[in-house]
Structure formats: structure tokens, C-alpha cells
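In our numbering, the protein residues as written are 104 to 352.
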């Protein structure tokens with residue numbers, strides 16, 4: 104019985120792969136969740152059996168140009184493709200553990216009777232918290248920052264204003280996400296804790312440490328060929344300028 108990360112030792116862990124992807128974002132995220140979960144129990148990836156399963160080609164073959172309907176179709180296709188890749192091997196008994204994100208974890212648990220044994224978003228260790236998309240990064244051309252700092256700051260200012268609106272209007276924020284992700288609001292609130300409070304723009308002191316941990320992992324697993332100095336890549340000036348442009352109240 105798997106009840107804690109320590110119980111994963113010697114077990115079969117699913118790694119869904121996308122053979123057509125030039126960068127397998129999905130697999131990299133899965134590997135990182137497993138590494139973090141195992142590290143919390145003083146284990147490593149060498150202590151488990153990683154079962155790689157290659158899924159269907161991840162595209163809609165009759166897709167037309169981008170439209171609202173097309174985006175809705177893609178969201179549904181993307182979510183269902185992910186669910187099939189996870190559910191199939193688990194239900195057939197081919198693997199002992201899988202990773203999910205957001206509301207899908209609750210859905211799969213309800214359908215299969217599976218239990219959660221690790222939640223990466225609750226980690227306090229920066230190295231184990233890091234993953235693709237955590238933190239989400241706002242990136243722009245360095246030339247643009249140097250030559251048009253006001254333009255960059257203006258975009259960030261709007262994002263800061265939007266995050267303030269989110270905090271003041273939590274129900275409306277969840278409703279917007281529900282429509283955008285085509286997921287019932289109740290499932291969103293179960294899958295993502297306190298959505299409105301996690302949409303801010305910031306640059307905390309531990310940012311470099313978190314990103315360095317993720318970079319180390321991606322290099323060690325062969326997803327990235329070479330390291331670079333993240334400290335020279337992060338620029339706090341646009342955020343500082345944007346904060347001076349905010350209207351009081």
C-alpha cells in the first residue's frame with residue numbers, strides 16, 4: 104500500500120512522453136515531481152522504476168485557424184489527452200503511481216479510488232518546490248528592457264492592477280478561470296488553493312535559488328544542455344518602475 108513518498112521505493116512510476124515534442128515539457132514536469140517527492144523521503148529516482156509511455160500525437164488534425172471555438176476545442180482536447188495518458192496505465196495496473204496537476208488530481212482520485220501521497224505545491228524547500236511553471240516567469244528581450252523600459256513597465260503595471268482586482272474580487276476571478284479552462288469553479292477551488300492570492304507579480308529574494316534548482320535538475324536529466332548564470336538574467340528594474348506608476352487606491 105502506498106501511503107507516503109517513502110512507500111514509492113521499488114514501485115512503478117508513470118512518465119508520459121510525447122514523441123513528437125521537440126521539448127517534452129510534460130515529461131520534465133513529471134520527473135521533477137517524482138524527484139521532489141522522493142527527496143522528501145530521502146530517496147532518489149534510482150530507487151524507483153520509471154515507466155515511460157509514449158502517447159498519441161498531441162494535436163487536433165482538423166484544426167483551423169485560431170478562433171474562440173478552436174481554443175475551446177484545444178483546451179478540451181489537451182485535458183482529455185492528459186487524462187487518457189494518466190488513467191489508462193493506472194487503471195490497467197501497469198504502474199503504481201502517477202502525477203497530476205490542479206483539479207485533475209481530484210477527478211482521477213474520485214474515479215479510480217487513488218490517494219494523494221505528495222503535494223509539491225505545499226513544499227517549503229525551494230529546491231523541491233521548483234518545477235516547470237513554478238514560478239511562472241515574465242520574460243522579455245533584454246534589448247527591449249534597455250531601450251524601452253517604460254513599455255515593459257507599463258505591461259507589468261497592468262498585471263499588478265489586475266492582481267489587485269483579483270484579490271478584491273475572488274469569486275469573479277474564479278469564474279473567469281472556470282470559463283477559460285472549461286472547468287467547474289468548484290473543481291478549480293479544490294485543485295488550486297486560494298487562486299486570487301497567487302496571481303501577483305513579484306520577485307522575491309529566493310527566486311534565483313528556486314530557478315537554479317530547476318536548472319540543475321533539467322541539466323542533470325538532459326533536458327537542457329548547458330547551464331548559464333541566472334543572476335545576470337534577472338532584472339528587477341521593470342518591476343520597480345511599474346510599482347512607481349501605480350495609482351494610489
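Backbone N, C-alpha and C fix where the C-beta goes; we use that ideal spot for every residue, glycine too.
The residue among 116, 226, 221 and 306 with its C-alpha nearest the C-alpha of residue 200 is 116.
The alpha helix (DSSP H) runs lying completely inside the region 224-291 and spanning 4 residues or more are 229-232, 245-250, 252-271 and 273-284, given in chain order. The beta-carbon separation of residue 229 and residue 316, rounded to 6 angstroms, stays under the 8 angstroms limit for a contact.
For the pair residue 336 and residue 194, the Cα-to-Cα distance works out to about 44 angstroms. The Cβ neighbour count for residue 287, taken over all protein chains shown within 10 Å, is under 16; the residue is labelled exposed. The region 288-336 contains, as complete alpha helix (DSSP H) runs of 4+ residues, the segments 288-294 and 310-323 (chain order). Each residue's CA atom was taken as its position, placing residue 145 and residue 254 some 47 angstroms apart.
Secondary structure at residue 155: strand, using DSSP grouped into helix, strand and coil. By the Cβ criterion, the region 320-334 is not in contact with the region 242-260, since fewer than three pairs of Cβ atoms, one from each stretch, lie closer than 8 angstroms. Taking the Cα of residue 186 as reference, the smallest distance to any Cα among 106, 257, 202 and 138 is reached at 202. Across the set 289, 149, 275 and 198, the C-alpha of 275 shows the shortest separation from the C-alpha of residue 299. Shortest Cα-Cα distance from residue 239 to any of 305, 231, 157 and 333 involves 305.
DSSP places residue 108 in no beta strand (DSSP E); its state is neither H nor E.
It is roughly 6 angstroms from the alpha-carbon of residue 295 to the alpha-carbon of residue 205. Assigned with DSSP and collapsed to three states, residue 117 falls in strand.
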